[in-house]
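Residue numbers (the working numbering), protein chains in the order written: chain V, 1 to 502; chain E, 1001 to 1502.
Here's what the structure looks like:
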């Protein structure tokens, strides 16, 4: 397989993952590729985890500070967390073992807007990076890197790191070459506009240029990306998708959107995929996506001729669709552009595109503040990801969620959000299976009835009771009525009695 | 004075403010100029207020929905609120009478990011605008408008409105002409990059072009902008300014900033002016400001040769400095650029500039969530203004505040912010008279000690007690430890006992 390493200089650095792990030391700041289960290094994490375990067995300290594009997979975040090999982690994760370590307080996790993560490394907030470990599809004769199934923060990490380890993954289709569009925003103080005017504009090269002198190891792998399959759509997801389409139709009726002018941004998950399935049968045509990840539903839309182009930084495909991608990459690359995270999630380009953002949430309060990250205000689930990048700069920003979780024990609409990731200034529309709450143009008090209308019927009276109490508790000072004594009663009920209903 | 109205077509529409008020009707959506006490219409608000009072005396309904650039003054927001003439208000206000009406629930107020406010009108979220009322310095022969002391959302309102009323204010110096740089971001779906690469770049015209057919009235005025004088610096402000400079020096020492590379954004107020006074005696040279408003301290920096250029959308000057500006506008216009709010506060340009943002706050919590707007979570003070536009896109974002207010009864550091306008993902540095808390690169638990260190000594033990309780209350789930039962005890103490200390 070494035909994938066309550079003689770099072919000379071929070694095993265990040998390459010698270049990763205790206390190192390590930047890795990887974004929503795609394009993460497949071999080095296990090798590093083994090195950590050996050190720990001898009573020696061994941890790294680990930076990625976003979440990875069990054979990356999982093995490293299990080996207690990570001291600090940013900007996003979704691994069960790692999440447990984070919430137990044994691992430090900083939840950073994705568009800021590589930028903060570039700006020097993390000091020097010791090692970058990046998966690629192929190395060219000149030593350029052809990205695999995602780009993420690879440019920033490869530029910042003192040492580079490259994993060449044979499982990734060679036909991915040409999908990536690599353009680097000039560094301060010479930043210039990002010259993207349309979703599909290509402005750079299909490869990443590096300082090959920094490469200390090249490792061959042959292992699949690991993405979870999506669940079949249930009735609730279908209803939410229907309400989302009703909302879009309303925008068309109001003259703010046309049937061939919809630019989509979509968070990851079952509900977004249900929304995309709904679009297949809608009147919307020539849909475009300026988003973070390419999902199954987008490939279906492209196959059906409903979507013309999708721009993202990575794939987030089910195993079935990942295989399909590997078979048909030569076709899909005509309709897909993979960009560096700083560009896929750029506030500048997002605002320019005029997209409609839709992201999931844990809960929203009666005024439209959104909690995307923490259960009961304390336990982090995954992280904010790019939801803030898109919400803050979208033409219209929406949040979608089933109205209840855990068989009705948890309401997605609460009196006071127990953690706030998106403020009342940012969220415009909240959508559940009961409809959509359009908060645009509304003062806080006028938002309450809208938010209650999308809550589960079991919780509506409880929310109204809270609002009545809030109105009475602070009679003379109430742009935003609250009764701070009972603001978290929903959450305290959940903690103490197992249900927000009490 | 009609030489200020060079267009014969528009001179023919000269009338009194009372006559012009005929064009403003009950229920109208009215867009006005005005930004931090500058450039607001001086005559029409009183005429509209009188019309409202007359209607109310007859038992008739009369209110308008009122949109501006930001805050205005007693003879605009004040008289209209006093006459109960406003139904809905956005995006920002700071008038005591209006604030009272808002918090009493008799007026609706939507607190919108300033960079979104004109955009949302342009995007059609408010439907058709009935009237735009805009103050200018002069009308040219072609009917172009020369902005007075601010630009704000004038472009969006003049474009959206069916009718236009122009106030020509003789008090504003004719030499302001040339200070404004008017460039309109093309509307969706044709938005393009904003071609500003440097703070002082001029990309447009010194005038606003309008459809003169929409002009229904031109009114002459001669009245000053109304800005409050700043208080003399006190000891606390001086200490905060010193800590801010220490923070800047630390960035220089870390190699992230140079003495001639500081680009400032600064919120309005006494503390920011103290910071600017501190910069006069600092090692920083060739300072630039890409900010929202031009303040006294910036003129001092320009006079002293320490600041080369400031870009903003408006003035926020004390009466003394406003007079100075009127006398010396011909000189200052070489160093000042006034831009439309969509550009002064553009996420795109802000991120490109790499500026250091510093804004005031009401309170921060132990994890770095910031409350900029609501006392005790319910009573709105002013609004978020542009603080989110800058915080979210700055190179470094800081918040500055005295550690206590009301003689120590209110702490600026609390366990849980009672309203959240900027999240833990956005705030990087919090500065009080006790030092600066640098939260960059830190997981939530590691932020607590930093935040406690900048709290007033009287509150440190109380904050530590809360954190200990939080650690114990949710032992197994605590990325962000909280004890939701007592999270708002500081605020409840304030409400019930008059002091957060209890």
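A virtual CB, placed ideally from N, CA and C, is assigned to each residue, including glycine. On a predicted model such as this, the values are computed, not experimentally measured, just so you know.
Would you call the CB atoms of residue i and residue j closer than 8 Å?
| i | j | result |
| --- | --- | --- |
| residue 1114/E | residue 1091/E | yes |
| residue 456/V | residue 418/V | no |
| residue 1366/E | residue 1429/E | no |
| residue 191/V | residue 1152/E | no |
| residue 358/V | residue 294/V | no |
| residue 1164/E | residue 1158/E | yes |
| residue 380/V | residue 99/V | yes |
| residue 1416/E | residue 1370/E | no |
| residue 1107/E | residue 1081/E | yes |
| residue 219/V | residue 10/V | no |
| residue 38/V | residue 222/V | no |
| residue 244/V | residue 112/V | no |
| residue 64/V | residue 85/V | yes |
Among the options, which one has its Cα closest to the Cα of residue i?
| i | options | result |
| --- | --- | --- |
| residue 1070/E | 1345/E, 1487/E, 1048/E and 1280/E | 1345/E |
| residue 1079/E | 1116/E, 1040/E, 1397/E and 1112/E | 1040/E |
| residue 1129/E | 1024/E, 1013/E and 1479/E | 1024/E |
| residue 307/V | 316/V, 259/V, 436/V and 341/V | 259/V |
| residue 1166/E | 1182/E, 1021/E and 1204/E | 1021/E |
| residue 208/V | 26/V, 340/V, 334/V and 420/V | 340/V |
| residue 1378/E | 1279/E, 1420/E, 1406/E and 1201/E | 1420/E |
| residue 87/V | 172/V, 73/V, 269/V and 104/V | 104/V |
| residue 1319/E | 1217/E, 1224/E, 1413/E and 1305/E | 1224/E |
| residue 1140/E | 1201/E, 1126/E, 1268/E and 1177/E | 1177/E |
| residue 493/V | 414/V, 434/V and 470/V | 414/V |
| residue 383/V | 94/V, 343/V, 463/V and 452/V | 94/V |
| residue 230/V | 296/V, 212/V and 287/V | 296/V |
| residue 422/V | 188/V, 390/V, 496/V and 485/V | 390/V |
| residue 1286/E | 1304/E, 1277/E and 1292/E | 1304/E |
| residue 309/V | 290/V, 235/V, 324/V and 488/V | 290/V |
Counting along the chain, where does the alpha helix (DSSP H) carrying residue i start and finish?
| i | result |
| --- | --- |
| residue 1387/E | 1387-1391 |
| residue 467/V | 457-473 |
| residue 1206/E | Here residue 1206/E belongs to no alpha helix (DSSP H), and DSSP marks it neither H nor E. |
| residue 240/V | 235-253 |
| residue 1147/E | Taken as a continuous stretch (DSSP letters only), residue 1147/E belongs to no alpha helix (DSSP H), being part of the beta strand (DSSP E) at 1145-1147. |
| residue 1327/E | 1319-1332 |
| residue 120/V | 114-122 |
| residue 1100/E | 1096-1103 |
| residue 275/V | 270-280 |
| residue 349/V | 347-353 |
| residue 17/V | 17-20 |
| residue 1339/E | First-last for residue 1339/E: undefined, no H or E at that position. |
List the endpoints of the continuous beta strand (DSSP E) containing residue i.
| i | result |
| --- | --- |
| residue 365/V | 363-365 |
| residue 359/V | 356-359 |
| residue 288/V | 287-290 |
| residue 88/V | 86-90 |
| residue 217/V | 215-221 |
| residue 1180/E | Residue 1180/E -> no beta strand (DSSP E), and no H or E assigned at all. |
| residue 398/V | 396-400 |
For the ligand GDP, is there any heavy atom lying closer than 7 Å to the beta carbon of residue i?
| i | result |
| --- | --- |
| residue 1389/E | As far as ligands go, the structure on display features none, and thus does not contain the ligand GDP. |
Taking Cβ positions only, does residue i come closer than 8 Å to chain A?
| i | result |
| --- | --- |
| residue 1463/E | No chain A appears in the structure shown, which is made up of the protein chains V and E. |
Any chance the region 1182-1196 of chain E sits against the region 1336-1350 of chain E, with 3 or more Cβ pairs inside 8 Å? yes
Check distances from the C-beta atoms of the region 385-396 of chain V to those of chain E and list, in chain order, the residues that come in under 7 Å. 388, 392, 393 and 395
Members of the region 1479-1496 of chain E near chain V, C-beta cut-off 8 Å: Correct list: 1479, 1480, 1481, 1482, 1484, 1485, 1487, 1488, 1491, 1492 and 1495.
By the 7 Å beta-carbon criterion, what residues does the region 195-215 of chain V contribute toward chain E? Listed by position, the residues of the region 195-215 of chain V near chain E (Cβ gap below 7 Å) are 195 and 197.
Can you list, in chain order, the residues of the region 120-154 of chain V whose Cβ is nearer than 9 Å to any Cβ on chain E? 120, 123, 124, 125, 126 and 127
Examine the Cβ distances between the region 136-150 of chain V and the region 4-14 of chain V and report whether three or more of them are shorter than 8 Å. yes
Quick one: which residues of the region 1413-1435 of chain E get their C-beta closer than 9 Å to a C-beta of chain V? List them in chain order. 1416, 1417, 1418, 1419, 1420, 1421, 1422, 1423, 1424, 1425, 1426 and 1428
Would you call the region 1386-1402 of chain E and the region 1319-1336 of chain E touching, i.e. three or more CB-CB distances under 8 Å? no
Between the region 1170-1178 of chain E and the region 1239-1253 of chain E, do three or more beta carbon pairs fall short of 8 Å? no
Mind checking the region 341-368 of chain V against chain E and listing, in chain order, the residues whose C-beta falls within less than 9 Å of any C-beta there? 346, 347, 348, 349, 350, 351, 352, 353 and 354
Is the region 264-284 of chain V touching the region 49-56 of chain V in the sense that three or more CB pairs, one from each, lie closer than 8 Å? no
May I ask you to verify whether the region 1129-1139 of chain E touches the region 427-447 of chain V, counting CB pairs closer than 8 Å and requiring at least 3? no
Note down, in chain order, all residues in the region 1244-1256 of chain E with a beta-carbon under 8 Å from any beta-carbon belonging to chain V. Of all residues in the region 1244-1256 of chain E, 1254, 1255 and 1256 have a Cβ within less than 8 Å of some Cβ in chain V.
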